[in-house]
Amino acid sequence: MKATILITGENKENYLIDTISSCLNQNYRNYEIILLFSKLKNLNLLQKKFKKKIIFKQIKRKKNPVQDQLYKISVGIKIANGMFIFLLDGDDLFKKNKLKQIISHKKKNK
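Mind the numbering: the sequence shown is residues 331 to 440 in my numbering, read in order.
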């Protein structure tokens with residue numbers, strides 16, 4: 331079963347490399363990563379480092395910060411291909427077995 335990791339990256343430029351790396355380091359392999367943002371200061375660096383590994387989706391910014399984040403997530407869900415959706419802020423990290431544990435728990439407890 332495929333999983334989708336949605337990362338909202340607004341104002342988290344200093345942490346995004348670690349966040350994305352923690353997602354790429356999963357021991358579950360059937361997943362995609364979508365980075366949702368309006369503007370990133372280090373976009374060129376991120377694209378150079380991760381271009382073939384994640385999907386970059388630039389989305390027009392909403393004025394209200396709460397609406398902005400929710401809007402980005404709703405756009406991400408529409409383009410996601412995974413059966414499972416994981417939400418991650420741009421300054422969060424995933425443990426190496428996060429996807430595997432949650433998906434196998436869900437399979438066991440249908």
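No residue lacks a Cβ here, since even glycine has one placed at the ideal position from N, Cα and C.
How many angstroms separate the CA atom of glutamine 399 from the CA atom of asparagine 357?
28 Å
Taking the Cβ atom as the reference point for each residue, do isoleucine 415 and leucine 336 lie within a distance shorter than 8 Å?
yes
Distance check for arginine 359 and lysine 426, CA to CA, integer angstroms please.
11 Å
Rounded separation between methionine 331 and leucine 418 - CA only
19 Å
CA nearest to the CA of cysteine 353, picked from Ile403, Lys371, Gly420, Lys438:
Gly420
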